[in-house]
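In the numbering used here, the protein residues as written are 1 to 182.
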Amino acid sequence: MDSFELNKIIAAVLLTALIIIGIGKFTDLLFYVEKPEQSAYKVDGLDVAQVSKDDSKKSKQEIQKVDIKQLLALGNVAHGEKVFKKCSACHMIVSGGKNMIGPNLWGVIGRQAAVISDYNYSKAMKDYGKEWSFEEMNAYLIKPQAYIKGTKMAFAGLRKEKDRASVILYMNSKSDAPKPLP
């Protein structure tokens, strides 16, 4: 088999895939189905709360109202070290360590945001200017881009409370003067 025939086979496979995808997109446009507001099936004994779009988005104040003592009690430093491996692709957490894609996080708990002089922070992070307390770090780690709009941090966040608590405890332990736990 020569390369011309191989090219024809590959082109045929790609064309078939494009046609299938195209037909799917076209039929989605052609046969738009409006979803009903209420479910067609009613399950007895199940109360469904109505949530408006405004209610589904928590404000920063609501996120910060979490009981940080209870949250931190869920975590431990060893688990935090494991979870922090997700962060280590962009951050180093070593005394005197260099900045990577993100800044070195040594001593970050208790430090002001955007103060490392040899790191180029986003304008949003420079404007943020708060101290990284346990509460602030927890709220930020849930979904960084939603908490500080315009941050360069492209991490999706840590949804599990135990993971967030453990990472916060681990980052607090990586400091010359760790903050006392609340």
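Beta carbons: idealized from backbone N, C-alpha and C, even for Gly.
Following the DSSP letters along the chain, one finds N7 inside the alpha helix (DSSP H) bounded by residues 3-30. When C-alpha distances from K123 are compared across I101, F134, N138, I148, the shortest belongs to I148. Here the C-alpha atom of P182 lies approximately 26 Å from the C-alpha atom of Q145. By alpha-carbon distance to A165, the top candidate from K98, G150, A156, I68 is I68. Counting along the chain, E161 sits inside the alpha helix (DSSP H) bounded by residues 161-173. Between V77 and S173, the C-beta spacing is below 7 Å. With a cutoff of 7 Å on beta-carbon distance, G102 and A113 are scored as not near each other. Ranked by Cα distance from K160, the first of I142, S175, C90 is I142.
Under the three-state reduction of DSSP output, E131 falls in the strand class. By the Cβ neighbour-count rule, L30 is exposed, with fewer than 16 other Cβ atoms within 10 Å of its own. Remark: C-beta atoms of M171 and L105 approach each other more closely than 7 Å. A73 has its alpha-carbon roughly 25 Å from the corresponding atom of V94.
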